[in-house]
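S.K.:
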Amino acid sequence: MADSKVYLTSEGYLEIEEELDNLKNVRRPEVIKALKDARALGDLSENADYDAARAEQAQIEGRILELEKILENAEIIENNNSGKVNLGSTVVIRYEDDDEDEEYRIVGSKEADPSDNKISNESPIAKAIMGAKAGDRCEVESPNGKYNVKVIEVR
Numbered sequence: 001m002a003d004s005k006v007y008l009t010s011e012g013y014l015e016i017e018e019e020l021d022n023l024k025n026v027r028r029p030e031v032i033k034a035l036k037d038a039r040a041l042g043d044l045s046e047n048a049d050y051d052a053a054r055a056e057q058a059q060i061e062g063r064i065l066e067l068e069k070i071l072e073n074a075e076i077i078e079n080n081n082s083g084k085v086n087l088g089s090t091v092v093i094r095y096e097d098d099d100e101d102e103e104y105r106i107v108g109s110k111e112a113d114p115s116d117n118k119i120s121n122e123s124p125i126a127k128a129i130m131g132a133k134a135g136d137r138c139e140v141e142s143p144n145g146k147y148n149v150k151v152i153e154v155r
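Just so it is clear: in the sequence shown, position 26 is 26 by the working numbering, and no numbers are missing.
#1: Taking the alpha-carbon positions, what's the residue 87 to residue 21 distance?
#2: So, for residue 73: in the same chain, excluding its five sequence neighbours on each side, which residues have a beta-carbon less than 8 angstroms away from its beta-carbon?
#3: Looking only at C-alpha atoms, which of 77, 136, 91, 99 sits nearest to residue 105?
#4: Taking the alpha-carbon of residue 137 as reference, which of 51, 35, 151, 145 has the nearest alpha-carbon?
#5: Hey, could you find the ends of the beta strand (DSSP E) residue 200 is sitting in?
#6: Is residue 142 buried or exposed, if buried means 16 or more other CB atoms sit within 10 Å of its CB?
#7: Within the chosen definition, does the segment 70 to 84 reach the segment 49 to 56 through at least 3 CB pairs nearer than 8 angstroms?
#8: Can you tell me whether residue 26 is buried or exposed, with buried defined as 16 or more other CB within 10 angstroms of its CB?
#9: With distances taken Cα to Cα, identify the nearest neighbour of residue 61 among 76, 31, 120.
#10: Does the separation of the CB atoms of residue 140 and residue 149 fall below 8 angstroms?
#11: Could you compute how far the alpha carbon of residue 24 sits from the alpha carbon of residue 17?
#12: Cβ of residue 120 within 8 angstroms of Cβ of residue 108?
#13: Spatial neighbours of residue 111 within its chain, please: C-beta separation below 7 angstroms, excluding the five flanking residues on both sides.
#14: Thinking residue 49 and residue 38 are a contact (beta carbons under 8 angstroms), I'd like their distance in whole angstroms, please.
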């Protein structure tokens, strides 16, 4: 089975590299030390510290593998400033029903963070506005029904 591309901005790629570095060079050695300390306590069959350290080690190793796979399949997206909405674009849209403006950055799904206004290119809003330019009206099909937005600005 071929691995699919993972779309990341250069900032998102660096964030994943930093997390991976932290896991490998800080967290992993901490857990290894905790395992050694727990083993020194003796009987491992009823050693809660040992069990907790093993569980944390499994979590860390799993995350390391996940991050390595993401970086291996990453395709860096750069905003081409074409004036059209695409991966990497920052866009201001207006919800037509309530005249509310929102600014979003269109990123790949692994980098999406709605609380930081980074939305996935797979989200209903991003799908609806992909390829649009300032002034275009777009219909968004969401699980809660359809609504219209107007693209105000594309950077």
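Idealized CB from N, CA, C, for every residue including glycine.
Note that the structure is predicted; figures quoted are calculated from it, not measured.
M.R.: So, from the data block:
#1: 26 angstroms
#2: 3, 4, 5, 6
#3: 91
#4: 151
#5: Because the chain here runs from 1 to 155, residue 200 falls outside it and cannot be looked at.
#6: exposed
#7: no
#8: exposed
#9: 31
#10: yes
#11: 11 angstroms
#12: yes
#13: 8, 9, 12, 118
#14: 4 angstroms
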